[in-house]
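Novice: Using numbering that gives the first Met the number 0, read the sequence shown as starting at 0 and increasing by one per residue. I'd like to ask some things about the structure below.
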Amino acid sequence: MDQYESLHPEQNEVLDTELVVSDDVLLKAFALGPGAKLDPHDHSESTNVFHVIEGTVTVIQGDDEQAISAPGVVHHDRGVVHGARNDTDERVVFTASLCPMPG
(Lines of atoms letter the chains of each structure in order from A and count residues from 1; the text may use other names and numbers.)
(Lines give C-alpha, C1' and ligand atoms only; values in the text may rest on other atoms or scores of the structure.)
Protein backbone atom coordinates (compact mmCIF):
# COMPACT_ATOMS: atom_id res chain seq x y z
CA MET A 1 0.00 0.00 0.00
CA ASP A 2 1.37 3.43 -0.91
CA GLN A 3 1.37 6.38 1.47
CA TYR A 4 -1.40 8.09 -0.52
CA GLU A 5 -3.85 5.17 -0.58
CA SER A 6 -5.56 6.39 2.59
CA LEU A 7 -6.36 9.79 1.05
CA HIS A 8 -9.80 9.55 -0.56
CA PRO A 9 -11.12 13.08 -1.03
CA GLU A 10 -14.74 13.78 -1.88
CA GLN A 11 -15.87 16.27 -4.53
CA ASN A 12 -14.29 19.70 -3.82
CA GLU A 13 -12.26 18.29 -0.88
CA VAL A 14 -8.52 18.66 -0.24
CA LEU A 15 -6.83 16.12 2.05
CA ASP A 16 -3.20 16.24 3.13
CA THR A 17 -0.73 14.38 5.29
CA GLU A 18 2.83 15.07 6.42
CA LEU A 19 5.30 12.49 5.11
CA VAL A 20 8.60 13.98 6.32
CA VAL A 21 9.21 16.66 8.93
CA SER A 22 12.80 17.51 9.86
CA ASP A 23 14.90 20.54 10.72
CA ASP A 24 15.43 21.40 7.06
CA VAL A 25 12.55 19.94 5.01
CA LEU A 26 8.79 19.49 5.11
CA LEU A 27 7.25 16.99 2.68
CA LYS A 28 3.46 16.81 2.47
CA ALA A 29 1.13 14.79 0.24
CA PHE A 30 -2.04 16.38 -1.09
CA ALA A 31 -5.04 14.60 -2.60
CA LEU A 32 -7.60 16.74 -4.41
CA GLY A 33 -11.05 15.46 -5.23
CA PRO A 34 -12.78 16.55 -8.43
CA GLY A 35 -13.27 20.32 -8.39
CA ALA A 36 -11.03 20.82 -5.33
CA LYS A 37 -8.65 23.76 -5.05
CA LEU A 38 -5.57 24.46 -2.96
CA ASP A 39 -5.81 28.24 -2.59
CA PRO A 40 -2.93 30.33 -3.93
CA HIS A 41 -0.35 31.21 -1.27
CA ASP A 42 3.39 31.77 -0.99
CA HIS A 43 6.33 30.72 1.15
CA SER A 44 8.64 33.70 1.57
CA GLU A 45 11.41 31.67 3.22
CA SER A 46 11.15 28.33 1.39
CA THR A 47 11.44 26.89 -2.10
CA ASN A 48 8.46 24.64 -2.90
CA VAL A 49 8.50 21.76 -5.37
CA PHE A 50 5.38 19.84 -6.44
CA HIS A 51 5.77 16.22 -7.62
CA VAL A 52 2.61 15.05 -9.38
CA ILE A 53 2.10 11.38 -8.44
CA GLU A 54 -1.35 10.63 -9.86
CA GLY A 55 -3.68 12.34 -12.31
CA THR A 56 -3.51 15.80 -13.87
CA VAL A 57 -3.45 18.91 -11.70
CA THR A 58 -3.83 22.51 -12.84
CA VAL A 59 -0.94 24.38 -11.22
CA ILE A 60 -1.40 28.07 -10.53
CA GLN A 61 1.79 30.15 -10.42
CA GLY A 62 1.28 33.88 -10.24
CA ASP A 63 -1.11 34.72 -13.09
CA ASP A 64 -0.24 31.55 -15.06
CA GLU A 65 -2.02 28.19 -15.03
CA GLN A 66 -0.77 24.93 -16.53
CA ALA A 67 -2.09 21.35 -16.47
CA ILE A 68 0.65 19.00 -15.24
CA SER A 69 0.18 15.23 -15.55
CA ALA A 70 1.89 12.51 -13.53
CA PRO A 71 4.75 12.07 -13.43
CA GLY A 72 5.48 15.78 -13.35
CA VAL A 73 7.51 18.28 -11.36
CA VAL A 74 6.85 21.98 -10.79
CA HIS A 75 9.34 24.31 -9.09
CA HIS A 76 8.08 27.37 -7.15
CA ASP A 77 10.73 29.91 -6.16
CA ARG A 78 10.59 31.55 -2.74
CA GLY A 79 7.88 34.17 -2.53
CA VAL A 80 6.07 33.08 -5.74
CA VAL A 81 2.30 32.78 -5.27
CA HIS A 82 1.19 29.26 -6.20
CA GLY A 83 -1.72 26.86 -5.80
CA ALA A 84 -3.39 23.88 -7.44
CA ARG A 85 -6.80 22.84 -8.78
CA ASN A 86 -8.32 19.56 -9.89
CA ASP A 87 -10.29 20.15 -13.10
CA THR A 88 -10.77 16.41 -13.71
CA ASP A 89 -13.26 13.79 -12.52
CA GLU A 90 -10.53 11.70 -10.82
CA ARG A 91 -8.43 12.03 -7.68
CA VAL A 92 -5.21 14.03 -8.08
CA VAL A 93 -2.23 13.32 -5.81
CA PHE A 94 0.94 15.39 -5.51
CA THR A 95 3.62 16.03 -2.94
CA ALA A 96 4.94 19.42 -1.92
CA SER A 97 8.50 19.74 -0.63
CA LEU A 98 9.42 22.86 1.32
CA CYS A 99 13.12 23.60 1.81
CA PRO A 100 14.25 24.93 4.13
CA MET A 101 11.60 24.04 6.68
CA PRO A 102 9.26 27.04 7.15
CA GLY A 103 9.84 28.85 10.41
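From the three backbone atoms N, C-alpha and C, an ideal C-beta is built for every residue, glycine too. Computed from a predicted structure; not experimentally measured.
(1) Does the distance from the C-beta atom of leucine 6 to that of threonine 16 stay below 8 Å?
(2) For glutamate 89, write down the residues that DSSP places opposite it in a beta bridge.
(3) Rounded to whole angstroms, what's the CA-CA distance from glutamine 60 to glutamine 10? Just pull it up for me.
(4) Under the three-state reduction of DSSP, which class applies to proline 39: helix, strand or coil?
(5) Over the uninterrupted beta strand (DSSP E) stretch that includes glutamate 64, give me the two end residues.
(6) Mind checking which residues open and close the beta strand (DSSP E) that includes arginine 77?
(7) When DSSP labels each residue in this structure, what does valine 24 get in the three-state scheme?
(8) Just verifying my parser: in three-state terms, what is the DSSP assignment at methionine 0?
(9) What's the C-alpha gap between valine 48 and aspartate 63?
Specialist: Here's the rundown:
(1) With a cutoff of 8 Å on beta-carbon distance, leucine 6 and threonine 16 are scored as near each other.
(2) In the DSSP output, where bridge partners are listed per residue, glutamate 89 has none listed.
(3) Straight-line Cα distance between these residues: approximately 23 Å.
(4) Looking at proline 39 - three-state DSSP - the assignment turns out to be strand.
(5) Here the beta strand (DSSP E) through glutamate 64 covers 63-68.
(6) Arginine 77 -> no beta strand (DSSP E), and no H or E assigned at all.
(7) Coil, per DSSP.
(8) For methionine 0, the pLDDT reaches just 40, beneath the cut-off of 50, and the residue's location in the model is therefore unreliable, leaving the point undetermined.
(9) Taking the straight line joining both Cα atoms gives about 16 Å.
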